[in-house]
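Here is the structure we will look at.
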Amino acid sequence: MKSLTEHLWFNTKNRIDFINITDKVQDLIKKSGVKEGIVLVNAMHITASVYINDAESGLINDYQKWLKELVPMDKNYEHNLTGEDNAYAHLMRTIMGREVVCAISNGKLDFGPWEQIYYAEFDGQRKKRVMVKIIGE
Amino acid sequence: MKSLTEHLWFNTKNRIDFINITDKVQDLIKKSGVKEGIVLVNAMHITASVYINDAESGLINDYQKWLKELVPMDKNYEHNLTGEDNAYAHLMRTIMGREVVCAISNGKLDFGPWEQIYYAEFDGQRKKRVMVKIIGE
Amino acid sequence: MKSLTEHLWFNTKNRIDFINITDKVQDLIKKSGVKEGIVLVNAMHITASVYINDAESGLINDYQKWLKELVPMDKNYEHNLTGEDNAYAHLMRTIMGREVVCAISNGKLDFGPWEQIYYAEFDGQRKKRVMVKIIGE
């Protein structure tokens with residue numbers, strides 16, 4: 047079994063931001079030399095997500111509006127009594143997910159036609175990271 | 047390490063449809079010869095889901111009603127300005143999830159008593175597919 | 047390839063309950079002898095979740111309030127016509143997720159600073175379990 051563990055670092059300009067990381071994950075698969083296996087891509091922070099969907103700016107705006115409806119940002123959350131103001135970010139990340147697991151076939155991400163891997167930041171403007179773990183042969 | 051990669055194809059009668067694929071995944075595990083490992087089952091399209099829950103028709107109706115409350119189908123989504131009318135389907139799929147990862151033990155899906163794998167289609171009536179990737183020994 | 051399959055059992059005091067299982071998963075990784083690989087942790091029941099977020103009691107209260115808003119407990123769900131009264135629990139579990147897949151590096155959970163694995167019970171007060179499946183080398 048081969049494995050590779052790497053991190054992608056982010057420091058987003060906006061508090062909420064969406065970044066396409068598909069090419070970076072593909073580059074790491076190439077670097078790993080794994081031809082058949084899986085790749086796990088997960089946020090290492092609990093106010094951010096990794097998810098798979100469309101690289102279309104309108105949809106990314108729709109996600110942000112929708113998440114603000116499901117998770118009002120300025121409600122009286124108990125978590126914020128600790129001195130934090132990011133309770134909303136923990137809940138938004140729960141909707142969008144922590145991780146994706148993707149197939150690697152013939153040394154590449156084995157993806158459908160429109161699948162793209164995104165990093166979704168909900169409490170950014172500071173250094174945060176994503177883990178990429180590749181296992182296979 | 048053994049691996050097997052296969053696809054399940056769907057062309058649903060209804061635009062929104064739920065299909066139990068547990069037996070098909072189990073058959074592919076048998077075909078793979080893997081006794082200990084994992085199976086990744088994921089939608090390859092970004093308006094469909096794979097999830098695990100109950101094979102009970104009332105619950106499947108409840109899911110559909112609930113998703114239409116969390117994600118109104120006919121709202122003014124920006125994504126639909128591209129000419130699409132399926133923004134809702136991208137959001138519903140986000141709630142239900144893209145993929146499941148399941149344990150294989152003794153050559154079988156290692157499942158709890160009521161676990162069933164479903165394909166949930168949110169923008170069907172055309173050919174779409176699910177990937178099944180099995181790795182192990 | 048090494049593998050280990052174990053179960054964690056729960057019988058919660060409350061119908062809805064959240065339990066930190068991080069240390070138990072870490073102990074099983076040690077037991078497995080796997081240094082590089084992945085661990086799958088999933089609920090084996092379809093009214094419970096495994097998710098990763100903060101070990102902070104205020105946030106756990108926020109999760110419970112928020113889930114009750116997204117999923118009213120006493121609505122007229124079709125699933126409950128079967129004699130069940132737990133349709134809400136199937137939907138809440140869908141929001142929180144069935145499973146997590148985590149990286150193992152150097153024989154340990156390869157986690158960010160605040161990541162903790164939780165079992166979330168939505169229909170407890172009876173014996174239920176979580177599977178821990180470890181594969182790697």
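Listed in order, the protein sequences are those of chains A, B and C.
Every position in the first sequence, counted from 1, becomes a number in my numbering once 46 is added.
Every position in the second sequence, counted from 1, becomes a number in my numbering once 46 is added.
Every position in the third sequence, counted from 1, becomes a number in my numbering once 46 is added.
C-beta: ideal position from N, C-alpha, C; glycine also.
Terminal residues of the alpha helix (DSSP H) in which residue i lies
{"i": "B/His136", "result": "133 to 142"}
Chain A within 7 Å of residue i, Cβ atoms only
{"i": "C/Ala149", "result": "yes"}
{"i": "B/Arg172", "result": "no"}
{"i": "B/His136", "result": "yes"}
{"i": "B/Arg61", "result": "no"}
{"i": "B/Met47", "result": "yes"}
{"i": "C/Glu12", "result": "Any property of residue 12 of chain C remains undetermined from this structure, which presents chain C solely from 47 to 183."}
{"i": "C/Glu115", "result": "no"}
DSSP-derived helix/strand/coil call for residue i
{"i": "B/Val71", "result": "helix"}
{"i": "A/Lys179", "result": "strand"}
{"i": "C/Asn126", "result": "helix"}
{"i": "A/Lys154", "result": "strand"}
{"i": "A/Lys77", "result": "helix"}
{"i": "B/Trp55", "result": "strand"}
{"i": "A/Glu167", "result": "strand"}
{"i": "A/Asn60", "result": "coil"}
{"i": "A/Lys48", "result": "strand"}
{"i": "B/Lys174", "result": "strand"}
Cβ-based burial, residue i [other Cβ within 10 Å; buried from 16]
{"i": "C/Asn99", "result": "buried"}
{"i": "A/Arg172", "result": "exposed"}
{"i": "A/Glu145", "result": "buried"}
{"i": "A/Asn88", "result": "buried"}
{"i": "C/Leu113", "result": "buried"}
{"i": "A/Asp108", "result": "buried"}
{"i": "C/Gly129", "result": "exposed"}
{"i": "C/Ser95", "result": "buried"}
Run of the beta strand (DSSP E) containing residue i, from where it starts to where it stops
{"i": "B/Trp112", "result": "First-last for B/Trp112: 103 to 116, but that is the alpha helix (DSSP H), not the beta strand (DSSP E)."}
{"i": "C/Glu145", "result": "145 to 151"}
{"i": "B/Asp200", "result": "Nothing about residue 200 of chain B can be reported from this structure: the residues present for chain B run from 47 to 183 only."}
{"i": "A/Ile92", "result": "That residue, A/Ile92, is in no beta strand (DSSP E); it is neither H nor E in DSSP."}
Own chain, CB closer than 8 Å to residue i, minus 5 neighbours either side, in chain order
{"i": "B/Lys48", "result": "Ser78, Gly79, Val80, Gly83, Ile180, Ile181, Gly182, Glu183"}
{"i": "B/Gln162", "result": "Asn66, Thr68, Ile98, Asn99, Asp100, Ala101"}
Test: residue i CB closer than 7 Å to a CB of chain B
{"i": "C/His91", "result": "yes"}
{"i": "A/Asp108", "result": "yes"}
{"i": "A/Asn152", "result": "no"}
{"i": "C/Met177", "result": "yes"}
{"i": "A/Leu50", "result": "no"}
{"i": "C/Leu155", "result": "no"}
{"i": "C/Tyr123", "result": "yes"}
{"i": "A/Trp112", "result": "yes"}
{"i": "C/Ala133", "result": "yes"}
{"i": "A/Gly129", "result": "no"}
{"i": "A/Glu183", "result": "yes"}
{"i": "A/Glu167", "result": "no"}
{"i": "A/Gly158", "result": "yes"}
Own chain partners of residue i with C-beta closer than 7 Å, once the 5 adjacent residues on each side are dropped
{"i": "A/Leu54", "result": "Ile67, Lys70, Arg175, Val176, Val178"}
{"i": "B/Leu116", "result": "Ile141"}
{"i": "A/Ala135", "result": "Thr93, Phe168, Asp169"}
{"i": "B/Ser151", "result": "Glu82"}
{"i": "C/Gln110", "result": "Ile62"}
{"i": "B/Leu137", "result": "Val117"}
{"i": "B/Leu86", "result": "Glu145, Val147, Lys179"}
Neighbourhood of residue i by C-beta, 6 Å cutoff - its chain only, sequence neighbours within 5 removed
{"i": "B/Thr51", "result": "Lys179"}
{"i": "B/Leu155", "result": "Gln72, Cys148"}
{"i": "A/Phe204", "result": "Chain A is shown from 47 up to 183; residue 204 of chain A falls before or after that span and cannot be answered."}
{"i": "C/Asn126", "result": "Ala133"}
{"i": "A/Tyr123", "result": "Ala133"}
{"i": "A/Asn57", "result": "Lys173"}
{"i": "B/Gly104", "result": "none"}
C-beta neighbour in chain C for residue i, strict 7 Å
{"i": "A/Thr68", "result": "no"}
{"i": "B/Asn88", "result": "no"}
{"i": "B/Ile98", "result": "yes"}
{"i": "B/Leu105", "result": "yes"}
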